[in-house]
Amino acid sequence: MTQENKIPYKIYLEESEMPTRWYNVRADMKNKPAPLLNPGTLQPMTAEELGGVFCADLVAQELDNDTPYIEIPEEIRNFYKMYRPSPVVRAYCLEEKLKTPAKIYYKFEGNNTSGSHKLNSAIAQAYYAKKQGLKGVTTETGAGQWGTALSMACAYLGLDCKVYMVKVSYEQKPFRREVMRTYGASVTPSPSMTTEVGKKILAAHPGTTGSLGCAISEAVEVAVGTEGYRYVLGSVLNQVLLHQSVIGLEAKAALDKYGVKPDIIIGCAGGGSNLGGLISPFMGEKLRGEADYRIIAVEPASCPSFTRGVYAYDFCDTGMVCPLAKMYTLGADFIPAPNHAGGLRYHGMSPVLSQLYDDGLMEATSIKQTDVFEAAEYFARCEGILPAPESSHAICAAINEAKKCAETGEEKTILFGLTGTGYFDMVAYEKFHDGLMDDYIPTDEELAKYRESLPKV
Ligand SMILES: *Cc1c(COP(=O)(O)O)cnc(C)c1O
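Residue numbers for the sequence shown follow our numbering, beginning at 7 and rising by one.
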């Protein structure tokens, strides 16, 4: 029997092998991600300023560019044990169907009720809010996975949870909304008349179906204006990548058990949290010169922040109430075309990943949505799992790499992040099956227009 035959379909870690510390990739970066700026003074945000919006421990994590490992509190580790470790799966069936010599592995994060990796950071953020004695947290949600994850975490810890949900999703995904309410969250369609910024946006754009940028502005306004509340965010921030490093640490430990070293690591990129988490320990080795990996971020062609955006300071939200972040961005007013169904619709990208990308340490590619759904269906039919459209961007890129191996005969090892399941995305699947899905890709002129609103820093 060859070594390869010994690799099981699913590699699980024992509970005792689960990570006890998160890994902070910033500690090994020579060029640190640029600091968040106060939009008024254009000076780096201080811990005190950030403390009005975020809880204290999370502010400390946000600003910590130097500590490589940060202890995962026991209560969070215990919560992780309810749905982790998540498996690394060897995609034997997919390999066979593709007739590729490539070895394909995926880290599956969809085995919890929220259906995605977002719970890894939701429980951490809720834990620190609770520890600080807060009453509750506010947030935004687009497709709904983050809001669901956060409401699960808040229910577990007895915290109030107020979710501003992008109006179009609120209307199109009533079941998502009900899951959140089942866990005790209040869900408000955004933009709403419950905030000043919501009223302003509605006055300027009557009938708007909302965007993540609007919902963030509303959630921040409520957090800052309500005693005992702070705001939490499910992606983009440094602290979120830190929490999500649990994905990469587990994946690396599982592969190490069998002596498997990936050549290519692939993840979908919305705000960058799953990709950042998956690649963290591998990128750490790369940054320290201990190993090399090809790392690929995959984004929608209809929201191409890495591949067609600019690396610049920008607003994180529409209402311009948040600090400025230096990131690959399409401009804070950018909203993907209404036919865009595949998630990953945020205009910006994690400052950590933006810096790594700018330094040439990772690549990015974009995929049009009908190709994404084709890959999703192909994958579902052989591997069984019904993937989230977001995750399917990574699937599609992994299949493309495996097909190249089939042509060249190269036996590359590919690891990709399968971030979640697609049960709440059946309207999008339906459109795909009925041939009603198209591929709108913004023109250069359109993108240039959104760039005009970048702040002059
Ligand atoms: C939110 C989400 C993503 C994208 O967010 P990142 O922060 O880029 O990871 C990807 N997949 C699923 C299933 C999600 O819910």
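No residue lacks a Cβ here, since even glycine has one placed at the ideal position from N, Cα and C.
Where residue i falls, given that 16 or more other Cβ within 10 Å makes a residue buried
i: V143; result: buried
i: Y429; result: exposed
i: D450; result: exposed
i: M199; result: exposed
i: S286; result: buried
i: N280; result: buried
i: V433; result: exposed
i: F438; result: buried
i: R182; result: buried
i: A210; result: exposed
i: P25; result: buried
i: K12; result: exposed
i: M7; result: Confidence is the limiting factor: at M7 the pLDDT is only 41, short of 50, which leaves the residue's position unreliable, though a coordinate-based value still follows. Flag for M7 reads exposed.
i: R351; result: buried
i: P448; result: buried
Cβ-based neighbour list, residue i, same chain, cut-off 8 Å, excluding 5 preceding and 5 following
i: Y189; result: T154, S157, M158, C160, A161 and C167
i: L48; result: L330 and V463
i: K267; result: L261, A297 and T419
i: Q178; result: V433
i: G58; result: V230
N-terminal and C-terminal residue of the alpha helix (DSSP H) that residue i is part of
i: R507; result: Since the displayed the chain opens at 7 and closes at 463, residue 507 lies outside it and no answer follows.
i: A210; result: E202 to A210
i: D364; result: P357 to D364
i: L125; result: L125 to K137
i: S398; result: P395 to T414
Nonlocal neighbours in the same chain, by C-beta distance under 7 Å from residue i, ignoring five residues either side
i: N37; result: Q361 and D365
i: L330; result: L42, L43, P45, Y319, D320, F321, P461 and V463
i: A62; result: Q138
i: L392; result: A386, T427, G428 and Y429
i: G282; result: L247, Q250, S356, V358 and L359
i: S311; result: E305, Y334, T335, L336, H353, G354 and M355
i: Y133; result: P79, E81, I82 and L163
i: K409; result: L104 and T106
i: S459; result: G337, A338 and D339
i: K292; result: D298, Y299 and L367
Cut-off 6 Å between Cβ atoms - residues of its own chain near residue i, not counting five sequence neighbours on either side
i: F60; result: R236
i: C99; result: C388 and E389
i: A221; result: E146, Y170, V172 and S196
i: P39; result: P357, V358 and Q361
i: I17; result: V94 and A260
i: Q67; result: Q245 and L248
i: N71; result: R32 and K38
i: W152; result: K124 and G240
Delimiting residues of the beta strand (DSSP E) encompassing residue i
i: K109; result: K109 to F114
i: I373; result: E369 to I373
i: D320; result: V316 to F321
i: Y456; result: Note, Y456: premise wrong, no beta strand (DSSP E); alpha helix (DSSP H) at D450 to R457.
i: E305; result: R300 to P306
i: Y235; result: Y235 to Y237
Per DSSP, cross-strand counterpart(s) of residue i
i: W28; result: I76
i: R351; result: In the DSSP output, where bridge partners are listed per residue, R351 has none listed.
i: L43; result: P50 and L330
i: D166; result: G142
i: C274; result: V304
i: G441; result: None; G441 has no bridge partner.
i: S196; result: V172
Taking one C-beta from the region 89-109 and one from the region 406-423 each time, how about it: are there three or more such pairs within less than 8 Å? Yes, the region 89-109 touches the region 406-423.
Is the region 114-132 touching the region 211-224 in the sense that three or more CB pairs, one from each, lie closer than 8 Å? The region 114-132 and the region 211-224 do not touch, with fewer than three beta-carbon pairs separated by less than 8 Å.
Check whether the region 254-266 and the region 217-233 are in contact - that is, three or more C-beta pairs closer than 8 Å. No contact exists between the region 254-266 and the region 217-233.
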